[in-house]
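If you read the sequence shown in numbering that gives the first Met the number 0, its first letter stands for residue 0, the second for the next number, and so on.
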Amino acid sequence: MNRRLLRNFDIPLAFSALALSLASLVILSSASLSVVPAGGDSLMYVKRQALSLGIGVVVFLIVAATEYSDWARYSRIIYVVNTVLLVAVLVMGRSALGAQRWLGPLQPSEIAKISIIITLATFLVERNKPITRLGDFLPVLAHVAIPMALILRQPDLGTSLVFLAITFGTLFMAGAPAKHILGIVGSGLGAVAAALWLHVNRGLRLPLKEYQIKRLIVFINPKIDPLDSGYHVIQSQIAVGSGGIWGKGLFAGTQNRLNFLPEQHTDFIFSVIGEELGFAGCVFILALYFLLLWRVIKIMQVSRDHFGCLLAAGVFSMMSFHVLVNVGMTLGVMPITGIPLPFVSFGGNSLLTNAVGIGLLESIAMRRQKIMF
């Protein structure tokens, strides 16, 4: 990386990602207290997240310094390795929270997000055909279907939905008609609604765990099962609503500290922000996401080639979907799917995935000019 490239370094993009990561350490210092075992280190999760952040910065710099177009050369290898890892999880993976997602410290479903962004962008560029008919979607969906099916088998419904967001977001930037994309999405939502109705009223068996089905059902009305499936969202709404404008103060959230709020350091960390930092804290965090996503859109616009544009579109789709669903489920306007909040939720694999995404974006931004003086 030389000075000519550094002139195009997107400072607002890097700043927003780093600011969110640092804010995470502050919020985790409170959110993780009630989940640390008795006699354990009260800063255990904060230290682990800080270590992941340090590794993430190194990974980000390496990816940003790499010519982004080089990733296309290894697309097939990336796809095969990704598939092998996902199969290995099903064969010898470690289970946690009802799902078999881990190979040692690695969570291959997180790696798969970046893998599918790279391989899908490469697939569309090499195909070099306009997507104008519904039949043109089939090869693309087939490309995504194998890793998505393996992830759904773990089961990990949330990451499977992220795959769909990446796919349709990338297809839209590749020129696919919006009416076709909306038609497919609408048909899918209709099929899900019909399947749930048949499950409840006709006993139809669905390829999901029972707790996942219950989460989808109680999304309509959490009070149907307030002590089990609806408990999470009810407690989250109480936490966010009780924060008011300025919040109760860091370390002063009762829903958080008394452990009424489940998974407060991971999936429901935005609820902690709402309770302890209030509406003002939520707006600050969302403003950082707005800045980050706005810069991603600008990078899409100035990319020097179609491949860079599609890479940026994939990263944008992944991160925006994560923010939309995570914040939505804490407020009760989205089903609970276990999707973390980018850069803020505790989790080393998630943080590294997002660091790679930001690195790809910076690589595209710095190389947006074909000839540089």
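Just so it is clear, CB atoms sit at the ideal spot from N, CA and C, and this is done for glycine as well.
*What did DSSP end up calling Q153 once you bin it into helix, strand or coil?*
coil
_Between the CA atoms of C308 and L188 - distance to the nearest angstrom_ = 28 Å
*Ends of the alpha helix (DSSP H) at T265?*
Counting along the chain, T265 falls outside any alpha helix (DSSP H), and DSSP gives it neither H nor E.
*Can you give the beta carbon distance from L287 to G55, rounded, assuming they're within the 8 Å contact cut?*
The C-beta distance from L287 to G55 rounds to 16 Å, too long to fall under 8 Å, and the pair is not in contact.
_Less than 6 Å between C-beta atoms, sequence neighbours within five positions excluded: which residues of the same chain meet that for T121?_
A71, S74
_Under the three-state DSSP convention, the category Q106 falls into_ = coil
_L89 to I145 span [Cα, whole Å]_ = 14 Å
*How far does the alpha helix (DSSP H) with Y44 in it reach, from first residue to last?*
43-64
*asked:* Quick check: the Cα distance between S114 and F269, rounded to an integer number of angstroms?
replied: 27 Å
*Going by other Cβ atoms of all chains shown within 10 Å of its Cβ, with 16 needed for buried, is S159 buried or exposed?*
buried
*Report, in whole angstroms, the separation of the C-beta atoms of F345 and L27, which I expect to be a contact under 8 Å.*
6 Å
*Since Q254 is in the alpha helix (DSSP H), which residue starts that stretch and which ends it?*
253-256
*S23 beta carbon less than 8 Å from that of F342*: yes
*Run the CB neighbour count on T336, radius 10 Å, all protein chains shown included, and call it buried at 16 or more, exposed below.*
buried
*Alpha carbon to alpha carbon, what distance is there between E361 and V284?*
According to the sequence as given, residue 284 is Ile; it is not Val. Going from the Cα of I284 to the Cα of E361 covers about 22 Å.
*Among residues of its own chain, excluding the 5 on either side of F320, which ones have a beta-carbon nearer than 7 Å to its beta-carbon?*
V161, A164, listed in sequence order.
*Give a yes or no on contact between the region 29-37 and the region 8-21, applying the rule of three or more CB pairs nearer than 8 Å.*
no
*Among V35, P221, L359, which residue has its Cα nearest to the Cα of G299?*
Here residue 299 turns out to be Met, not Gly, going by the sequence shown. Out of V35, P221, L359, L359 has the C-alpha closest to the C-alpha of M299.
*Is it the case that the Cβ atoms of G248 and G280 are separated by a distance below 8 Å?*
Cβ atoms of G248 and G280: not closer than 8 Å.
*Between V62, V86, L12, which lies nearest to L151 when the distance is taken from Cα to Cα?*
Among V62, V86, L12, the Cα nearest to that of L151 is on V86.
*asked:* Give me, in chain order, the residues of the same chain whose beta-carbon lies closer than 7 Å to that of V324; leave out the 5 immediate sequence neighbours on both sides.
replied: M333, T336, I338
*Over what stretch of residues does the alpha helix (DSSP H) that includes M436 continue unbroken?*
Residue 436 lies beyond the residue range present for the chain, which begins at 0 and ends at 372; the question has no answer from this structure.
*Pairwise C-alpha distance: I10 and G168*: 25 Å
*Is L197 buried or exposed, if buried means 16 or more other CB atoms sit within 10 Å of its CB?*
With fewer than 16 other Cβ atoms inside 10 Å of its own Cβ, L197 counts as exposed.
*Length of the line joining the Cα atoms of L203 and P138*: 30 Å
*Please list the segments of the alpha helix (DSSP H) lying wholly inside the region 286-366, counting only runs of 4 or more residues, in order along the chain.*
You should have 305-330, 347-365.
*Of the choices P154, Y67, I76, V143, whose alpha-carbon is the least far from that of G92?*
P154
*asked:* If distances are taken between C-alpha atoms only, which option among R47, V79, N353, K128 comes closest to H305?
replied: K128
*Given A251, which residues of its chain have a CB within under 8 Å of its CB, disregarding the five upstream and five downstream residues?*
E275
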